[in-house]
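Q:
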Amino acid sequence: MKKEVLTYIIGGKAGQGTKKAGIVAANFFADLKREVFQMNDYPSLIRGGHNFSVVSTSTSKIYSHYMKADLVVVLDQRSYEIHKDHLVDEGILVFNSDKVKGEGTGIGISSEAKKYDNSDLIEGVAGIAILAVVVGIDKKKLDEIIKKEYGRQIKDNINFSHAIYDSAFEKIKKRFELKQGKKKLVSLSGSEAIGFGAAAAGLDIYFAYPMTPSTPVLHFFANNGKKLGVVTVQPENEIAVANMAIGASFTGARSMVGTSGGGFCLMQEAFSLAGMIESPVLFFLGQRPGPSTGVPTYTEQGELLYSLYPGQGEFPRIVASPGNIEEAFYLTAELLNLVWRFQTPAILLSEKHLTESSMSVSINPNKTNWAQPATHEKGEYNRYKQTGNGISPLLFPPSKRLIKWNSYEHDEQGLTTEDGNLIAKMHDKRRTKLHSLIDYLKKMKTVNIYGDGKPVIFTFGSTTMSVLEALEYGGIKASVIQLVYLQPFPVWELNEHKYRESIVVEQNCTGQLEQLLKDKCEIKPVRSIRQYDGRPFDPQNLAYKIMEVF
Amino acid sequence: MKKEVLTYIIGGKAGQGTKKAGIVAANFFADLKREVFQMNDYPSLIRGGHNFSVVSTSTSKIYSHYMKADLVVVLDQRSYEIHKDHLVDEGILVFNSDKVKGEGTGIGISSEAKKYDNSDLIEGVAGIAILAVVVGIDKKKLDEIIKKEYGRQIKDNINFSHAIYDSAFEKIKKRFELKQGKKKLVSLSGSEAIGFGAAAAGLDIYFAYPMTPSTPVLHFFANNGKKLGVVTVQPENEIAVANMAIGASFTGARSMVGTSGGGFCLMQEAFSLAGMIESPVLFFLGQRPGPSTGVPTYTEQGELLYSLYPGQGEFPRIVASPGNIEEAFYLTAELLNLVWRFQTPAILLSEKHLTESSMSVSINPNKTNWAQPATHEKGEYNRYKQTGNGISPLLFPPSKRLIKWNSYEHDEQGLTTEDGNLIAKMHDKRRTKLHSLIDYLKKMKTVNIYGDGKPVIFTFGSTTMSVLEALEYGGIKASVIQLVYLQPFPVWELNEHKYRESIVVEQNCTGQLEQLLKDKCEIKPVRSIRQYDGRPFDPQNLAYKIMEVF
Amino acid sequence: MTKNVLDTNAEITWCPGCGNFGILNAFKKAVDKLENKGVNRDSIIISSGIGCHGKIFDYIKLSGLYSIHGRSMATVQGIKIGNPNLKVIAFAGDGDAYGEGIAHMIFAAKRNADITVIVHNNGAYALTTGQFSPTSKKGFKGPSRPEGNIEDPLNPLSLLLEAGATFVARGYSAKMDHLSDLIVEAIMHEGFSVIDVLQPSVVFNNTYKLYNEKAEIIHKPAKNLDGAIKLVKDTKQRMPIGVFYDVRKLVFHKELMGDWNPSQNKMSRNERLKKINEFV
Amino acid sequence: MTKNVLDTNAEITWCPGCGNFGILNAFKKAVDKLENKGVNRDSIIISSGIGCHGKIFDYIKLSGLYSIHGRSMATVQGIKIGNPNLKVIAFAGDGDAYGEGIAHMIFAAKRNADITVIVHNNGAYALTTGQFSPTSKKGFKGPSRPEGNIEDPLNPLSLLLEAGATFVARGYSAKMDHLSDLIVEAIMHEGFSVIDVLQPSVVFNNTYKLYNEKAEIIHKPAKNLDGAIKLVKDTKQRMPIGVFYDVRKLVFHKELMGDWNPSQNKMSRNERLKKINEFV
Ligand SMILES: Cc1ncc(C[n+]2csc(CCOP(=O)(O)OP(=O)(O)O)c2C)c(N)n1
Ligand SMILES: Cc1ncc(C[n+]2csc(CCOP(=O)(O)OP(=O)(O)O)c2C)c(N)n1
Ligand code: SF4
Ligand code: SF4
Ligand SMILES: [Mg+2]
Ligand SMILES: [Mg+2]
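Protein chains in written order, with this note's numbering: chain G, 1215 to 1764; chain C, 1215 to 1764; chain H, 19 to 298; chain L, 19 to 298.
Shown next, in the form of structure tokens:
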């Protein structure tokens, strides 16, 4: 490994606070100005089962967790069995000796926890205390962290953590020297980045019905909306979600919805409505393994093709997918701008691995724009005025002018028509708008190119992070081309890369990005690396696979 | 014009029976063993407005109506203004002199109709009487026709028709000699062909919620289901439609649903469910101009791309579209067979121009197959047994064996799993099934090739009929390649046509088939002819456009 | 009909004699009355579903959003949240409101969303040529069930009362003035209001004779929920029309946002960015 | 728990103490009782929605279809039409049955579909981490409304009674034997039957104390609809459990098909083709 990476895994049952411990660890590293990547793995249940959180940190940019850890803390036997193989040589394994039989350092975590209320729920704090010991943090600093991060039962948590700290100190002591980084960093989850990005671009209302892995964005707005001036609404179903958001857009409110594949099916009729009435709404689509209910709490990129032509009929659609958490912030803001500029719905496509992982970021909110439509200035108003570029200025109620948005084919005023000429003209208008959109995208960054190695690795979405980290890990020279925009597909950016030796890396079974590259650009990758077991790539593993090819 | 075509247009208000008159005329011609094509044009309203029906007939195969008529009958002024330009030279225009000021032959249709009950509704019968005169049918034969075709008010209709017959005979007399054809023919609408095709393949239950242009299939089964042994159910919404159909398939009942674009949006979640649980359900999707509500009673092919990847996640999907009404019969039967063979949902994609037009056909129901799945024979049962081809035998309740269909990712037994290996294996199973499907399709007829002219015209769906008739009309030598199957896309059939000079003809604005041909086969048509005003192509017009290119 | 300021240039394509004309005229009259009460026409926003009823959208010169089948009540809830200063009215069919859109109706009532829904209840899916609808009588013959509907009809108003509706009324399109008053009251009501309008479809369900005989104006809402439920179901001997229930309850958008108006009181970009900077 | 013939190999992943265990055990017991009444286990078909409740599908060794969120009652209606000889049971959550799937519930009741719906009513979207649901109390705190739910809960049973349900009951997961009897009765009822089961979620809505105090067994259904509606709403001082309403009415599949069974009495291919040949 080139860079110095420290990895920490904490495993236990759902309800023991392992996820929280991972996030706390990530925040702690970021506070030290260290780069960090944190990933949660949990099944679809509320208590029990097996959850784990893994945090990798370095002083230089890090794009993925690693599945080989320097410190593993396990709270139960199942976690022990799973994670004992996840240790690097010389790694430290600490187990809860009350529940686990095994090799490594045993500490009586459960018996200590029993002394406090909600003993189950606080065990995760032990993981933080042990981490503190191992990286040489003193108890005062530990107290600060606990006070900051844990809302409830602070005193219990502190007492508990001290007891664990003391036992751990006795048995293992400080093992790692943590260098501080230089840049002020903050660790954000993908969902938080999406939330802040939308807010930065002027979001007014977020509508959603819970569905993993889009739910954290709903919770983000529910928790922070008041401060940010964003209203959060959870209606009765996804159909209401989408139609309410469209209604809200009619008043000029910037609105956004969030869902996952199954919920997005239910929104497609409204998506087409938005296309027809030219309503600007941003749809966040978080992927998980499908089809159907699939594997709700895991990750996959199986809905790329599904996302390209949602909703019946022809109208301009936009789909883009962020390649890392920082980009999730900027891209969300950019998409909110685009939907208002072009008055057409867009999809922010992501996946569980991005939305529910955290990463150190340095974000400058001022670099975003405030979503602004072309607005009607004066004189007679026609909602669907034919303009050169297909974009008709907006006007919001209340107004003396008549504002008619119409799901039927319509004339410029917005009244229903069945006239053949008008039908064709309005089709042309929307196609013109599509071309305006494409022209506009041509001036934007629609693909990201990382590195300048000769062979090319094509990828998209959160897999970009895995690929970048794998290259770093393996010291592999290659260029990574990440398709940020997927609809309209940025063929214009890819022509020059057509004949380069390339591979595709993606997280699905049928090779959807590969198919798109073949279809759209006649790019024929020599090899395709796909993973579709619900788990994100491990960069080490991925590096070996890439090296096999190049 | 090479062949002798006779065309008849009758125009009036909705509620005057012009559509019925068109269908009666078509049946009458078919009875004479003449080939016939009949098309209805009507706006989305119940009474008033402007409806017309056009029937073209010939002794040789005819694939389209023509918009230049030999006989035009108009019941109101609006129809007169529109259709007076639709006459061939020397054509006959008969108008309702009580309502119309114009040139041609006036007959007091309304004043005569007033003498009977429901005077508005029976005016269309005048059109039949006038047609009878013009083609030299006597009153006795006319009475037979009316008795056979008109359920209600038979005596009134006969008396009324005699009065009109007499006035018309006085003013215009017999004008055309109608040659009889040789083959026994029957005129069927596309919807009837679909209904019969599904029935021939063993359909048990049809579920639908009304939506133009799929509604006629619902009405077909509602009217004929009892005789055919097919149950018809109209649930509360499209979501119930699709989920009930899936439930029914669990019992072994062959089930099918019908809808249009907006309704299909709502069915997509169930479509994905069918993909996951491997439920065999046939989805009939009738297109109309979109997006959204669009132009409900007109025609378009704007949902080709939309239909290719419905439902979240990865699973085998089948999409096919019939190129004429005869093919609608056979293809529907074939698709019902395919969904049961491969236990995956399929879409029968069509459009208003096929479903609501009629054509003379000669159909042999015995040429279809009875949809039959692989069924479990004996021993332990695993619903999702891994087999070499991805197809697991079916078993239906009640059974001593456990039969579990599961929307979550599952093990072979059908129990939920979150295990990475199993997730990947089940993905592989479904992908294997997709490959089995493709292998199977390779042995089937997935494209139709008509003619052997050098240049190629690519097309699909009902536009195939327009193209064939245009070639016939224009005496144009070309090959027509109709894509019957659109998903999986039959690239294997197209390789040999890759470098031929070609054009694409389709009824949409953005050139969806053209895009697919470019994407999938690197076929770059030199020209694209598109119409998207809601009206089907007129073959004469289309012929000129094609001749411009070749 | 004389030309009205609320008329548009759209050609009216309802069948002659259709009950929808009565609703259209009653609504236009109601707008006049509302203006007299200080409700500015520009702040009255309409929406509708798809069906014969929906065409009313094209015939009224008021701003709004012609929605899709069964969703107009979701649409107007979104409009109301986006700008609570607007008065929002959803026109809906019986297929629309009680079939495809029933969930939105129930939840709009439950949360007391401040919207008005005017249901053109003709007991049929008229525009799609007369299939049975959720309020069709058993035995009703339509093309999807030629031998007659096999389901009993819903009583939509008792359902909505149970769901929490705070204003429930029934009108009759042929009693235009009465209906127009109902519309005014419903729109002035702060909270969820629904008017189930008996609307004869001359083609598919001609109920003029029936309702001309049975319609009976009720002059006072019931005192309580039980009374209202009884009243809306009291349809064997007569067909009561009028306001059946009218109570006050805090409306959804106020519970949600107090007096905040998302589209009008928008936070400035600077302030928003400052807030975000505090976090990141 | 001793191993039962109805157990599967699936690991049970409900939280210790969850009310769902009571429902699972009551159901298994009910199956035994049904077998004693001559209902063959092989003809009992189950379905469920998505949520904590839905996991019950994996834990019962009966054939069926694990459906999607809010659709299990549509699924089982399809199964029933496909083969009316089967007894079909849909397990559903409160989010499932009264939120996403409310339209299917209302129409299943309206058409008296011969299905049984067992609702695990825990007043929360549990599996998605405890957001408020259609039956959450006002003020209920969940992650999508940390300051508390702003909507009043639905009373689902009065709604379903108004919609036409012919068998309506409430059970309590902690009263296992009583619940098991309710399940037997509901399944034996020919027509639409629903049991709203009070199901404490120990994590998100721990109502054991509340219901242990308030639950009160009702031994006789109400005499009429009004009485039943009163009963299901009589929850201030107590929480009545038992069968509230039980009437007979011709079921949907018989109205639709008489005694025909589409999957079992299928017309032969020859006969079918003969019929088609008559037409074409
Ligand atoms: C999702 C969807 N399904 C079906 C339709 C087709 N459709 C248009 S209007 C209508 C029913 C109209 O009935 P109703 O709401 O009672 O209105 P009416 O025509 O009787 O006024 C239907 C089913 C549609 N537009 N959208
Ligand atoms: C269409 C759709 N929307 C959202 C979800 C996400 N989801 C899964 S379970 C659930 C709610 C569960 O609530 P409830 O039905 O009450 O079941 P419980 O977990 O409380 O038993 C939701 C919203 C989904 N699976 N499908
Ligand atoms: S069909 Fe009925 S509802 Fe529609 S316009 Fe005609 S009379 Fe009115
Ligand atoms: S979260 Fe609640 S409903 Fe779900 S298993 Fe745990 S206790 Fe039961
Ligand atoms: Mg209606
Ligand atoms: Mg629940």
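Idealized CB from N, CA, C, for every residue including glycine.
Applying the criterion that 16 or more other CB atoms from any shown protein chain within 10 Å of the CB defines a buried residue, is residue 103(L) buried or exposed?
A: Residue 103(L) is exposed by the Cβ-count criterion.
Q: Using a threshold of 7 Å, is the CB atom of residue 112(H) nearer than that to any non-hydrogen atom of ligand 1?
A: At least one heavy atom of ligand 1 is nearer than 7 Å to the Cβ of residue 112(H), so yes.
Q: Is residue 1516(C) near ligand 5, judged by its Cβ being under 7 Å from some heavy atom?
A: Because no heavy atom of ligand 5 lies under 7 Å away, the Cβ of residue 1516(C) does not count as near it: no.
Q: Using the three-state DSSP reduction, which class does residue 187(L) fall into: helix, strand or coil?
A: In the structure shown, residue 187(L) sits in a strand (DSSP, three-state: E or B).
Q: Against chain L, with Cβ distances strictly below 8 Å, would residue 1230(G) count as a contact?
A: It does not: the Cβ of residue 1230(G) has no partner Cβ on chain L nearer than 8 Å.
Q: Please state the DSSP three-state secondary structure of residue 1356(C).
A: Helix, per DSSP.
Q: Along chain C, in chain order, which residues have C-beta atoms closer than 7 Å to that of residue 280(L)?
A: Those are 1418, 1419, 1445, 1467, listed as they occur along chain C.
Q: Go ahead and label residue 1226(G) buried or exposed: buried means 16 or more other beta carbons lie within 10 angstroms of its beta carbon, across all protein chains shown.
A: The residue is buried, with at least 16 neighbouring Cβ atoms inside 10 Å.
Q: Under 8 Å Cβ-Cβ, which residues of chain L neighbour residue 1619(C)?
A: 82, 83, 84, listed in chain order.
Q: Taking the straight line between their C-alpha atoms, what separation do you get for residue 1673(C) and residue 1512(C)?
A: Residue 1673(C) and residue 1512(C): Cα-Cα distance of roughly 19 Å.
Q: Could you check what DSSP says for residue 1470(C) in three-state terms: helix, strand or coil?
A: Reduced to three states, the DSSP call for residue 1470(C) is strand.
Q: Tell me which residue opens and which closes the beta strand (DSSP E) that residue 1253(C) is part of.
A: Start and end: 1249–1255.
Q: Could you name the residues of the same chain whose beta carbon sits closer than 7 Å to that of residue 1703(G), not counting the 5 residues immediately before and after it, in chain order?
A: Within the same chain, residue 1703(G) has close Cβ partners 1730, 1734.
Q: At a cut-off of 7 Å, would you count residue 1605(C) as near ligand 3, judging by its Cβ distance to the nearest heavy atom?
A: Residue 1605(C) Cβ: outside cutoff for every heavy atom of ligand 3.
Q: Which value, in whole angstroms, describes the spacing of the CA atoms of residue 1728(C) and residue 1732(G)?
A: Distance between the alpha carbons of residue 1728(C) and residue 1732(G): 16 Å.
Q: Is the region 1430–1446 of chain C touching the region 277–290 of chain L in the sense that three or more CB pairs, one from each, lie closer than 8 Å?
A: Counting Cβ pairs under 8 Å, three or more are found: they touch.
Q: Thinking C-beta only, is residue 1558(C) closer than 8 Å to residue 1492(C)?
A: Cβ distance < 8 Å, so residue 1492(C) and residue 1558(C) count as in contact.
Q: Buried or exposed for residue 1375(C), going by 16 or more other Cβ atoms inside 10 Å?
A: When all chains shown are included, residue 1375(C) counts as buried.
Q: Helix, strand or coil: how does DSSP classify residue 1703(G) here?
A: Of the three classes helix, strand and coil, the one that applies to residue 1703(G) here is coil, per DSSP.
Q: So, residue 1326(C) versus residue 1283(C), is the Cβ gap smaller than 8 Å?
A: No, the Cβ-Cβ distance between residue 1326(C) and residue 1283(C) is not below 8 Å.
Q: If you follow the alpha helix (DSSP H) that residue 1433(G) is in, where does it begin and where does it stop?
A: Here the alpha helix (DSSP H) through residue 1433(G) covers 1429–1442.
Q: Output the distance between the C-alpha atoms of residue 1463(C) and residue 1335(G), rounded to the nearest integer angstrom.
A: Using only the alpha carbons, I get a separation of about 45 Å.
Q: From the beta carbon of residue 1516(G), is the nearest beta carbon of chain L less than 8 Å away?
A: By this cut-off, residue 1516(G) is not an interface position.
Q: For residue 128(H), which option in 111(L), 126(L), 169(L), 157(L) has the closest C-alpha, if you only look at C-alpha atoms?
A: For the residues 111(L), 126(L), 169(L), 157(L), the minimum Cα distance to residue 128(H) belongs to 169(L).
Q: Let me check understanding here. Comparing Cα to Cα, which of 1541(G), 1550(G), 1614(G), 1611(G) lies closest to residue 1578(G)?
A: Taking only the C-alpha atoms, the option nearest residue 1578(G) is 1541(G).
Q: Taking only three categories from DSSP, how would you classify residue 1722(C)?
A: Three-state DSSP puts residue 1722(C) in coil, outside helix and strand.
Q: Alpha carbon to alpha carbon, what distance is there between residue 1254(G) and residue 1266(G)?
A: If I take the Cα positions, the gap works out to 6 Å.
Q: Give the residues of chain H in contact with residue 1450(C), contact being defined as C-beta atoms less than 8 Å apart.
A: By Cβ distance, chain H contributes 117, 118, 120, 152.
Q: What does a CB cutoff of less than 6 Å around residue 1478(C) pick up in its chain, not counting 5 residues either side in sequence?
A: 1499, listed in sequence order.
Q: Can you list, in chain order, the residues of its chain whose CB lies under 6 Å from that of residue 1506(C), leaving out five sequence neighbours each side?
A: Cβ within range, chain order: n/a, list empty.
Q: Run through DSSP, which three-state label would residue 128(H) get?
A: Helix, per DSSP.
Q: If we cut at 8 Å on Cβ distances, does residue 125(H) have a partner in chain G?
A: Output row for residue 125(H): interface = yes.
Q: Report all residues from its chain with a CB closer than 7 Å to the CB of residue 92(L); omit the five preceding and five following residues, and keep chain order.
A: Same-chain partners within the cutoff: 122.
Q: Cβ closer than 9 Å: which chain C residues qualify as neighbours of residue 176(H)?
A: Here the premise fails: no neighbours, minimum Cβ distance about 18 Å.
Q: Taking Cβ positions, are residue 1535(G) and residue 1495(G) nearer each other than 8 Å?
A: No. Outside cutoff.
Q: Residue 1345(C) and residue 1239(C) - do their beta-carbons sit closer together than 8 Å?
A: Closer than 8 Å, so yes.
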